[in-house]
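This report concerns only the one structure given below.
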Amino acid sequence: MKRRRFLQMMGGLAVAAWSPWRAVAQSYDDPEDIHARLKGTPDLKLVMGNGDISVVIAGDSSPLDKRRIEVWIRRSATAVSTYFDRFPVDHWGLLVVPEDGGHVGPATTWGYAGSITRVGVGREVSEEYLRNDWVLVHEMTHLALPRVPMRSEWFMEGNATYVEPIARAQAGQMPPQEVWRWAVDDMSKGQPQAGDKGLDHTHTWGRTYWGGAMYWLLAELAIYKKSDGRYRLQDALRAINRASGGNTASWSVEQATHAGDIAVKSDALTSLYDELKDRPVTVDLNGMLQQLGVSEVAGVIRFDDRAPLAELRRSITSPRGRSQT
Ligand SMILES: [Zn+2]
């Protein structure tokens, strides 16, 4: 997907093209600067269930007003809170950096000294663009899991890639067809190419984002099958979030998979990690989509409710009640 390629192009960090008259504006590329800025008085303070969100708007955002920024943050936080059944961390600082243009991003999230995110937002961004924005939901998903060693960046990026559209669908913000379109159109970008040495040793964009997302889709199916339909990946991810407290924790991948496996009473996450970390494994994506009853006919995503895993597919994306507001 183009949008994710954009993030990759930017290397996750802000590299803005500055207009001369804004050349003196601080770009906040350094997390230390962002931490310092977030220690000041927030422009917005939101409470999402257990989660306190402090927002600082770094500079003049007009004509984009604060109220629209707040609606956008609340909508994104609602999606993530629906998926994880709580806002994923107790405290989160968000630095919104107004920029020229009508876009959202690039964005980066850190957790080593408190959960913080920096996101660029175009002053001319439309309401519709903000309503459909995926960037902030992706960043908020990063809050939920502990940080793992950089060789396993795919574990975190794949998780945010996998969870983001599902969280929005569960919150009723996106139709299920759009979620599965991402699997049909994009997930094959995560298949190993020539020279691949497994997910922990192949740090390409495709393997990091989509190879990682494939790991989590495989995990979704494995957890469902191993538990005879009793558990979902969502149960494991909620458990990892609760046990770690989110991205301020620094864990090994093994710790994370173990915590998730305990919740779903199998070894699904751990054995999949063992299988995929050190060797290239081409995944039968078409076979998985067929089992889930997902296909594309004349450009339209279709669902087959007689497929063996149709129940799992429906439950992954069906809107659900929320336990908090
Ligand atoms: Zn990310």
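What the sequence shown shows, in the numbering used here, is residues 2 to 326, in sequence order.
Yeah, the Cβ is synthetic: ideal placement off N, Cα and C, and Gly gets one too.
Just so it is clear, the structure is predicted and the values come from calculations on it, not from any experiment.
Contact under 8 Å by Cβ, residue i with residue j
i, j, result
"V105", "I70", "no"
"A308", "L270", "no"
"N242", "L146", "yes"
"I302", "V265", "no"
"M141", "P89", "yes"
"L144", "G246", "no"
"S228", "S267", "yes"
"K198", "P64", "no"
beta-carbon residue i near ligand 1 non-hydrogen atom, thresh 7 Å
i, result
"H143", "yes"
"A257", "no"
"A168", "no"
"H204", "no"
"E158", "yes"
"H92", "no"
"A161", "yes"
"H139", "yes"
C-alpha gap between residue i and residue j, whole angstroms
i, j, result
"T118", "L95", "5 Å"
"S253", "Y274", "12 Å"
"A18", "D66", "Per-residue confidence for A18 stands at a pLDDT of 40, beneath the threshold of 50, marking its modelled position as unreliable; the derived number appears in the next sentence. Rounded to whole angstroms, A18 to D66 spans 23 Å at the Cα level."
"T283", "G191", "9 Å"
"M157", "Q292", "26 Å"
"A24", "A59", "Model confidence at A24 stands at a pLDDT of 41, short of 50, so the residue's coordinates are unreliable; what they give is reported in the following sentence. Their Cα atoms are separated by approximately 14 Å."
"T249", "G115", "6 Å"
"A299", "L290", "17 Å"
"W135", "E128", "14 Å"
"G196", "D44", "49 Å"
"D1", "R132", "For the chain, the structure presents residues 2 to 326; residue 1 sits outside this window and is missing."
"R321", "F85", "12 Å"
"R314", "G294", "8 Å"
"E125", "W206", "29 Å"
Own chain residues within Cβ distance below 8 Å of residue i, not counting five before or after
i, result
"S316", "R233"
"V48", "I54"
"W22", "Only weak support is given to the placement of W22: the predicted model assigns it a pLDDT of 42, under 50, and the value that follows is read from those uncertain coordinates. Correct list: empty, nothing qualifies."
"L286", "A184, M188, S189, Q192, M215"
Contacting residues, own chain, Cβ-Cβ under 7 Å from residue i (five flanking each side not counted)
i, result
"Y1", "Limits of the chain in this structure are 2 at one end and 326 at the other, which puts residue 1 out of reach."
"L39", "S55, V57, G94, L96, I117"
"M175", "P166, R169"
Same chain, Cβ closer than 6 Å to residue i, neighbours up to 5 away in sequence not counted
i, result
"D201", "R152, S153, K278"
"G212", "W155, G191, L200"
"G123", "E100, G102, G103, H104"
"L222", "none"
"Q178", "I302"
Entirely enclosed beta strand (DSSP E) segments - the stretch 46-133, minimum 3 residues: Fully enclosed beta strand (DSSP E) runs of no fewer than 3 residues occupy 52-58, 92-100, 105-111, 117-123 of the stretch 46-133, in order along the chain.
Please list the segments of the alpha helix (DSSP H) lying wholly inside the stretch 201-258, counting only runs of 4 or more residues, in order along the chain. Here the runs fully enclosed are 213-227, 234-245.
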